[in-house]
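>
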């Protein structure tokens with residue numbers, strides 16, 4: 001019995017000695033098989049590197065580390081450590097803490113006690129969330145958080161003024177703290193992020209990937225970029241004055257919401273069949289389609305409407321004639337059809353009107369000739385017909401007039417000579433009669449492919465006149481006064497002239513005195529010729 005008691009006592013003593021082997025209780029702390037003086041230890045380096053003679057550390061960081069209150073540098077990177085104890089917060093003198101490339105999943109709240117910390121490297125771990133207490137460490141100069149599993153970050157990060165922050169390769173979702181640069185944010189795996197609105201939904205509108213302030217935006221200007229469809233949200237920019245979109249490959253329809261832009265002065269959406277070089281590998285053959293929304297008639301301040309060279313269809317809406325301030329109406333190069341509305345004459349401020357290259361039909365409404373401010377009028381390449389109204393001289397300001405490639409017929413009214421034209425295009429119609437001598441004063445004149453009859457003004461060349469179908473022209477007799485062209489001077493020629501005057505259906509053969517007016521003077525001259533014969 002005594003032997004057994006002695007044996008137990010010896011075993012207890014040896015056990016006690018082995019537990020505290022080499023470390024003095026109350027003076028030293030054992031960490032990972034080594035003893036560290038509590039008062040004098042300021043530096044520990046257990047960072048693991050490939051090829052080291054010892055294996056990497058694993059498990060928890062011992063809580064006893066919190067007793068080394070005078071430590072200023074701690075290096076534990078490159079190990080397999082899993083938990084940072086709350087006692088780490090006791091190391092109030094710590095300046096550098098390297099915990100990179102471990103298996104930590106969280107940072108204890110007590111990190112806020114490390115008020116002297118200037119460097120914290122905890123990159124390459126599995127941390128998913130940062131405590132806000134971390135952002136109170138105002139002395140931090142370097143904070144490495146890259147390659148973790150962070151999914152969110154507080155704007156309090158911006159409290160770390162002057163700190164170099166590395167936060168790339170996490171799973172952070174936008175929006176990011178404003179203090180972070182694109183370089184600091186770097187790559188983020190956003191595959192699990194909810195789609196965030198690009199713009200402030202209360203104060204901004206997103207158009208084609210850009211944000212526009214609802215109150216402050218007054219102009220939209222796009223050229224030579226591919227845009228696609230016009231978003232209906234454009235109608236929210238209530239203070240817009242100008243819209244200019246050209247050569248942008250627009251498709252779809254003009255949204256009706258555009259009629260909400262009551263402050264709009266200029267609406268120009270033209271040439272949107274975007275032509276890109278083959279080298280870009282893009283084939284964009286799209287254009288605006290559908291009808292011109294009637295809501296455009298609400299834009300009472302509009303001065304310019306330019307929708308040229310799209311694929312718009314439908315009629316020219318009467319609602320457009322509500323635009324009393326409109327000075328420029330440019331709709332050429334579409335597929336608009338129907339008749340030109342009678343109400344077109346209400347657009348009294350109109351200076352330029354181009355509705356050519358469409359499919360308009362019918363006659364030119366007489367009200368159009370009330371647009372006395374017009375200086376540019378193009379109706380070419382449509383299916384318009386009828387005669388040219390003698391009221392055309394009301395367009396006293398017009399210098400450019402294009403009526404080409406329609407089905408106009410009849411003679412050119414003499415009133416057209418009252419206009420001070422610089423450019424006149426009448427080709428490809430069915431005009432007949434004579435060409436006025438006054439046309440000699442027009443700089444750019446196009447007359448080919450009509451039914452004008454000879455003789456032509458001496459000032460015009462064959463190129464000026466071009467081809468004319470004269471099959472229906474009446475050739476005057478070589479005998480002066482032979483009005484009915486029977487080669488006999490008689491009372492019948494006088495009767496023919498009287499009849500043509502009464503029916504207002506005379507030709508140039510009856511114009512005996514060449515004054516381009518058939519009247520009693522011409523009858524007197526015929527009588528004189530007969531009497532002299």
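In the numbering used here, the protein residues as written are 1 to 533. Where is the CB? At the ideal position from N, CA and C, for every residue including glycine. Quick caveat: nothing in here was measured; it's all calculated off a predicted structure.
What span of residues does the beta strand (DSSP E) with residue 184 cover, start to end?
Position 184 of the chain shown, counted from the first residue, corresponds to residue 184. Where residue 184 is concerned, there is no enclosing beta strand (DSSP E), although the alpha helix (DSSP H) it sits in stretches over 182–185.
> If you check the beta carbons only, do residue 58 and residue 80 fall under 8 Å apart?
For the purposes of this step, residue 58 is identified with residue 58 of the chain shown, where counting begins at 1. For the purposes of this step, residue 80 is identified with residue 80 of the chain shown, where counting begins at 1. Cβ distance < 8 Å, so residue 58 and residue 80 count as in contact.
> Compute the beta-carbon to beta-carbon distance between residue 388 and residue 368, rounded to the nearest angstrom, for a pair I have assumed lies under 8 Å.
Here residue 388 refers to the residue found at position 388 when the chain shown is read from its first residue. Here residue 368 refers to the residue found at position 368 when the chain shown is read from its first residue. Contact flag wrong, Cβ pair sits at about 11 Å.
> Helix, strand or coil for residue 53, going by three-state DSSP, please let me know.
By 1-based counting over the chain shown, the position of residue 53 is 53. Assigned with DSSP and collapsed to three states, residue 53 falls in coil, not helix or strand.
> In chain order, what residues of the same chain have a beta carbon less than 8 Å from the beta carbon of residue 404, not counting five sequence neighbours either side?
Here residue 404 corresponds to residue number 404 of the chain shown, with the count starting at 1. The answer, listed in chain order, is 380, 381, 425, 426, 427, 428, 429, 446.
> Tell me which residues share the same chain as residue 87 and place their Cβ nearer than 6 Å to its Cβ, disregarding the 5 neighbours each side in the sequence.
Position 87 of the chain shown, counted from the first residue, corresponds to residue 87. When the five nearest sequence neighbours on each side are left out, the beta carbons in the same chain lying within less than 6 Å of the beta carbon of residue 87 are those of 63, 66, in order along the chain.
> Looking at residue 432: is its Cβ nearer than 8 Å to the Cβ of residue 409?
As a working mapping, residue 432 is identified with position 432 in the chain shown. As a working mapping, residue 409 is identified with position 409 in the chain shown. Going by C-beta atoms, residue 432 is nearer than 8 Å to residue 409.
> Using C-beta distances below 8 Å, list every residue in its chain close to residue 178, excluding the 5 sequence neighbours before and after it, in chain order.
Sequence index remark: in the chain shown, residue 178 carries index 178 (1-based). Within the same chain, and ignoring the five residues on either side of residue 178 in sequence, the residues whose Cβ sits closer than 8 Å to its Cβ are 155, 158.
> State the DSSP-derived secondary structure class of residue 211, mapped to helix, strand or coil.
Counting from 1 along the chain shown, the entry for residue 211 is found at position 211. DSSP places residue 211 in strand when its eight states are reduced to three.
> Could you tell me if residue 520 is buried or exposed, where buried requires 16 or more neighbouring beta carbons within 10 angstroms of its beta carbon?
For this step, residue 520 is matched to residue 520 along the chain shown. Exposed: under 16 other Cβ atoms inside 10 Å.
> If you follow the alpha helix (DSSP H) that residue 499 is part of, which residue opens it and which one closes it?
On the chain shown, residue 499 is found 499 positions in, with the first residue counted as 1. Residues 491–503.
> Sorted by chain position, which residues of the same chain lie with C-beta nearer than 6 Å to residue 299's C-beta, five sequence neighbours on each side aside?
Taking the first residue of the chain shown as 1, we reach residue 299 at position 299. Same-chain partners within the cutoff: 264.
> Examine the Cβ distances between the stretch 356–367 and the stretch 331–340 and report whether three or more of them are shorter than 8 Å.
yes
> Taking the straight line between their C-alpha atoms, what separation do you get for residue 312 and residue 166?
Start at 1 with the first residue of the chain shown, and residue 312 comes out as number 312. Start at 1 with the first residue of the chain shown, and residue 166 comes out as number 166. Taking the straight line joining both Cα atoms gives about 53 Å.
> Do residue 147 and residue 121 have their beta-carbon atoms positioned less than 8 Å apart in this structure?
One-based indexing of the chain shown puts residue 121 at position 121. One-based indexing of the chain shown puts residue 147 at position 147. In this structure, residue 147 does not lie closer than 8 Å to residue 121 by Cβ.
> Is the Cβ-Cβ distance between residue 422 and residue 399 less than 8 Å?
Indexing the chain shown from 1 puts residue 422 at position 422. Indexing the chain shown from 1 puts residue 399 at position 399. A contact, by the Cβ cut-off of 8 Å.
> Considering only the alpha carbon of each residue, which of 55, 417, 69 lies closest to residue 27?
Sequence index remark: in the chain shown, residue 27 carries index 27 (1-based). The shortest C-alpha separation from residue 27 is found at 69.
> Would you call the stretch 103–118 and the stretch 126–139 touching, i.e. three or more CB-CB distances under 8 Å?
Short answer: they touch.
> So, with DSSP's three-state summary, where would you put residue 509?
Translated into positions along the chain shown, residue 509 becomes position 509. Residue state, collapsed to three classes: helix.
> Which of helix, strand or coil does DSSP assign to residue 35?
For this step, residue 35 is matched to residue 35 along the chain shown. Note: residue 35 maps to strand in three-state DSSP.
> Pull up the distance between the alpha-carbon of residue 180 and that of residue 188, whole angstroms please.
Within the chain shown, the letter at position 180 stands for residue 180. Within the chain shown, the letter at position 188 stands for residue 188. When rounded, the distance between both Cα atoms is 13 Å.
> Can you list, in chain order, the residues of its chain with a C-beta nearer than 6 Å to that of residue 531? Leave out the 5 residues immediately preceding and following it.
Position 531 of the chain shown, counted from the start, is the residue given in the question as residue 531. Counting only Cβ-Cβ distances below 6 Å, and skipping sequence neighbours, we find nothing.
> Just mark residue 123 as buried or exposed, buried being the case when its beta carbon has 16 or more other beta carbons within 10 Å.
Position 123 of the chain shown, counted from the start, is the residue given in the question as residue 123. Counting Cβ neighbours within 10 Å, residue 123 comes out buried, since at least 16 surround it.
> Where does residue 67 sit, in a helix, a strand or coil, going by DSSP?
On the chain shown, residue 67 is found 67 positions in, with the first residue counted as 1. DSSP places residue 67 in helix when its eight states are reduced to three.
> Would DSSP call residue 527 helix, strand or coil?
Mapped onto the chain shown, residue 527 falls at position 527. Correct three-state label for residue 527: helix.
> Grab me the residues of residue 268's own chain with a C-beta within less than 6 Å of its C-beta, minus the 5 sequence neighbours each way, in chain order.
Position 268 of the chain shown, counting from 1, holds the residue named residue 268. Around residue 268: 244, 306.
> Is there contact between the stretch 288–303 and the stretch 312–321, where contact requires at least three CB pairs shorter than 8 Å?
yes
> Where does residue 516 land, buried or exposed, given buried means 16+ other C-beta within 10 angstroms?
Counted from its first residue, the chain shown places residue 516 at position 516. So residue 516 counts as exposed.
> List the whole-angstrom C-beta distance separating residue 201 from residue 214, where the pair is believed to meet the contact cut-off of C-beta under 8 Å.
Stepping through the chain shown from its first residue, residue 201 is reached at position 201. Stepping through the chain shown from its first residue, residue 214 is reached at position 214. Not really, about 10 Å apart at Cβ, beyond 8 Å.
> For residue 420, count neighbouring Cβ atoms within 10 angstroms of its own Cβ and tell me buried if that reaches 16, exposed if not.
In the chain shown, residue 420 corresponds to position 420, counting from 1. Exposed, because fewer than 16 other Cβ atoms sit within 10 Å of the Cβ of residue 420.
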